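Chemist: Numbering (the numbering used here), first residue to last: 77 to 161. Encoded as structure tokens, here's the structure I'll be asking about.
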């Protein structure tokens, strides 16, 4: 019973190939790494792609905020030093 539709399930359609390529590209570009545990089916691949994109955006926002705080501290420090001279 399990092998009735095995050809249809395992056939590489353009959608499946595109999804696998997108997964590989996102993992490679974001330097997340491939790890020991990977998605086993296409639903897990979609979830992994979504999570990588969300975590990348979150990391960019966090890093931008930290850089903004550090930059504003430098402005205040230079202003303070200018008034002390």
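Using N, Cα and C, we set each Cβ at its ideal position, and we do this for glycine too. For clarity, every value in this text was computed on a predicted model and none was experimentally measured.
Is residue 115 helix, strand or coil when you go by DSSP?
Modeler: Reading the chain shown from its first residue, position 39 is the one you call residue 115. Here residue 115 sits in coil by DSSP.
Chemist: With a Cβ-Cβ cutoff of 7 Å, do residue 102 and residue 125 count as a contact?
Modeler: Walking along the chain shown from the start, residue 102 turns up at place 26. Walking along the chain shown from the start, residue 125 turns up at place 49. Closer than 7 Å, so yes.
Chemist: Report the rounded CA-to-CA distance for residue 128 versus residue 106, giving the unit in angstroms.
Modeler: By one-based count along the chain shown, residue 128 stands at place 52. By one-based count along the chain shown, residue 106 stands at place 30. Roughly 8 Å between the two C-alpha positions.
Chemist: Using the C-alpha atoms, what's the distance from residue 92 back to residue 117?
Modeler: Along the chain shown, one-based indexing puts residue 117 at 41. Along the chain shown, one-based indexing puts residue 92 at 16. Approximately 10 Å, taken between the alpha carbons.
Chemist: Residue 99: buried (16+ other C-beta within 10 angstroms of its C-beta) or exposed?
Modeler: Here residue 99 refers to the residue found at position 23 of the chain shown. By the neighbour-count rule (16 or more Cβ atoms within 10 Å), residue 99 is buried.
Chemist: Helix, strand or coil: how does DSSP classify residue 145 here?
Modeler: Within the chain shown, residue 145 is the residue found at index 69, counting from 1. DSSP places residue 145 in helix when its eight states are reduced to three.
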